[in-house]
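First the structure, in the form of structure tokens, and then the observations on it.
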Amino acid sequence: MRKLWAVLAVLVPLALTGCGYNTLQSNDEQIKSSWSEVVNQNQRRVDLIPNLVNTVKGYAAHEKEVFEKVTQARAALMSASGPKEAGEADQILGGALKNLFAVAEAYPELKAQESFVELQKELADTEDKVAYSRQFYNSVVRQYNEKIAVF
Numbered sequence: 161m162r163k164l165w166a167v168l169a170v171l172v173p174l175a176l177t178g179c180g181y182n183t184l185q186s187n188d189e190q191i192k193s194s195w196s197e198v199v200n201q202n203q204r205r206v207d208l209i210p211n212l213v214n215t216v217k218g219y220a221a222h223e224k225e226v227f228e229k230v231t232q233a234r235a236a237l238m239s240a241s242g243p244k245e246a247g248e249a250d251q252i253l254g255g256a257l258k259n260l261f262a263v264a265e266a267y268p269e270l271k272a273q274e275s276f277v278e279l280q281k282e283l284a285d286t287e288d289k290v291a292y293s294r295q296f297y298n299s300v301v302r303q304y305n306e307k308i309a310v311f
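Numbering (this note's numbering), first residue to last: 161 to 311.
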């Protein structure tokens, strides 16, 4: 009987390895890691927004509603606890930022200001990084789901 248990103790881990258990665990860790990157890029974006708002506010202080919407959308993204909430908050923030840039368009002296132009470039770069990290996360989740379906 002991020999049977010894053989099972060796064969069961090998069987699980052959079934892809380790691969599933590895993919699960990749999902967590890639979501962390999405969160990091969103945080970078969120950190840029107050500087951008303050720069525009100096030229268009009367656009209070636009600034409030950006601030609320930023707060919603910061408090998002998962992919679904983050996606919804991201859409709201994107719309609010479009409104902010529309306000900025009305002020040629603001558009010419070096700090505003630099902030705009940084935000555009960050938007690209957010999109890439989101795409990578979706790819990793898809791979994981395929592995589970095959398993």
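Glycine included, every Cβ here is placed at the ideal spot set by N, Cα and C.
Query - Sub-7 Å separation of tyrosine 115 and isoleucine 191 beta-carbons - result: The requested residue 115 is not part of the displayed model; the chain covers only 161 to 311.
Query raised in the report: Is glycine 242 helix, strand or coil by DSSP?
Result: Stepping through the sequence shown from its first residue, residue 242 is reached at position 82. In this structure, glycine 242 counts as coil in the three-state DSSP scheme.
Report task. From the DSSP output, in three-state form, read off alanine 236 for me. Result -> Start at 1 with the first residue of the sequence shown, and residue 236 comes out as number 76. Helix.
Query raised in the report: If you follow the alpha helix (DSSP H) that tyrosine 181 is part of, which residue opens it and which one closes it?
Result: Against the sequence shown, residue 181 aligns to sequence position 21. Taken as a continuous stretch (DSSP letters only), the alpha helix (DSSP H) holding tyrosine 181 covers 181-219.
**Report entry** CB contact flag (serine 186, valine 300, <7 Å)
**Finding:** In the sequence shown, residue 186 corresponds to position 26, counting from 1. In the sequence shown, residue 300 corresponds to position 140, counting from 1. Result no, Cβ atoms of serine 186 and valine 300 do not sit closer than 7 Å.
**Report entry** Supposed contact pair alanine 233 and leucine 253 - C-beta distance, whole angstroms, cut 8 Å
**Finding:** On the sequence shown, position 93 is the one that residue 253 refers to. On the sequence shown, position 73 is the one that residue 233 refers to. Confirmed, about 4 Å.
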